[in-house]
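Structure first, then comments.
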């Protein structure tokens, strides 16, 4: 991502980069986020894998998410791309990045960054 904002977390194993692009001629905007981190699979959530849910939130709504499988007993380097159409910070400043255990949004927080401010591209 060109012209990206990069925010290291307090948890050195995770970082976030992002950009908001807007087309003046088409009047469209899009937010793209890349979440990178490391996680060790320790809880069998079925089929011998642990799971993480990586999500981006804006103005109290989950805008995009992906569920990632991690084999038990292994440490995986994760790179997850998320995005949504529109501009961020219409109501609240920035966007939120949340990584939780399991496949549901209500899992235990592994990583949380709010607010995060994608670069303007």
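Residue numbers (the working numbering): 170 to 290.
C-beta: ideal position from N, C-alpha, C; glycine also.
Here the structure is a predicted model, which is why all the values come from computation and not from measurement.
- Straight across, the Cα-Cα distance linking residue 207 with residue 183 is about 7 Å.
- If you compare the alpha carbons of 278, 209, 255 and 203 with that of residue 241, the shortest gap goes to 209.
- Residue 219 is classed as buried because its beta carbon has at least 16 other beta carbons within 10 Å across all chains shown.
- The three-state secondary structure of residue 223, taken from DSSP, is strand.
- Contact annotation, residue 284 with residue 271: C-beta distance approximately 25 Å; criterion of less than 8 Å not satisfied.
- With contacts defined by Cβ atoms closer than 8 Å, residue 265 and residue 282 form a contacting pair.
- Across the structure, residue 192 and residue 201 are spaced so that their CA atoms are roughly 14 Å apart.
- Per the C-alpha coordinates, the member of 215, 190, 197 and 221 positioned closest to residue 205 is 221.
- Boundaries for residue 216: no beta strand (DSSP E) harbours it, and the DSSP string shows neither H nor E there.
- Excluding sequence positions up to five before and after residue 217, its CB lies within less than 6 Å of the CB of 241, all in the same chain and listed in chain order.
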